[in-house]
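A.B. asks: In full-length UniProt numbering, the protein residues as written are 1 to 102.
Even glycine gets a Cβ: it sits at the ideal position worked out from N, Cα and C.
Note that this is a predicted model, so its numbers are computed, not measured.
(1) Alpha carbon to alpha carbon, what distance is there between residue 4 and residue 32?
(2) Would residue 63 be called buried (16 or more neighbouring beta carbons within 10 Å of its own) or exposed?
(3) Can you confirm whether the region 67-77 touches the region 18-25 when touching is taken to mean that 3 or more C-beta pairs between the two stretches lie within less than 8 angstroms?
(4) Strictly by DSSP, which residues pair up with residue 28?
(5) To the nearest angstrom, how far is the alpha carbon of residue 28 from that of residue 68?
(6) Would you list the one or two residues that DSSP bridges to residue 64?
(7) Buried or exposed for residue 11, going by 16 or more other Cβ atoms inside 10 Å?
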């Protein structure tokens, strides 16, 4: 991996410090660029991801979402924060079991 210049997604809350000790979870995705994949991504997963992000923002878990502007292009980075491993597992299980209607 090389250095990247990242820009923040406009629909995320501003990153802010969290009190106490927390667990930071970083997810990085390399998007596949093709006309077909772009259309599928927009139609199917956009709404699902938006609901998952909204849920995590409401629970103060969303730290930030960024995309690469310079360096390795088509990479997305999501940063989540959890109070402890149990709250991380609870959120992952809730979303995996179809929480938020998906």
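C.D. replies: Let me spell this out:
(1) For this step, residue 32 is matched to residue 32 along the chain shown. For this step, residue 4 is matched to residue 4 along the chain shown. Roughly 18 angstroms separates the two Cα atoms.
(2) Within the chain shown, the letter at position 63 stands for residue 63. It counts as buried.
(3) no
(4) On the chain shown, residue 28 is found 28 positions in, with the first residue counted as 1. The partner list for residue 28 (beta bridge, DSSP) reads 77.
(5) Here the question's residue 28 lines up with position 28 in the chain shown. Here the question's residue 68 lines up with position 68 in the chain shown. If you take the alpha carbons of residue 28 and residue 68, they lie about 11 angstroms apart.
(6) By one-based count along the chain shown, residue 64 stands at place 64. 79, per the DSSP bridge assignment.
(7) By one-based count along the chain shown, residue 11 stands at place 11. Flag for residue 11 reads exposed.
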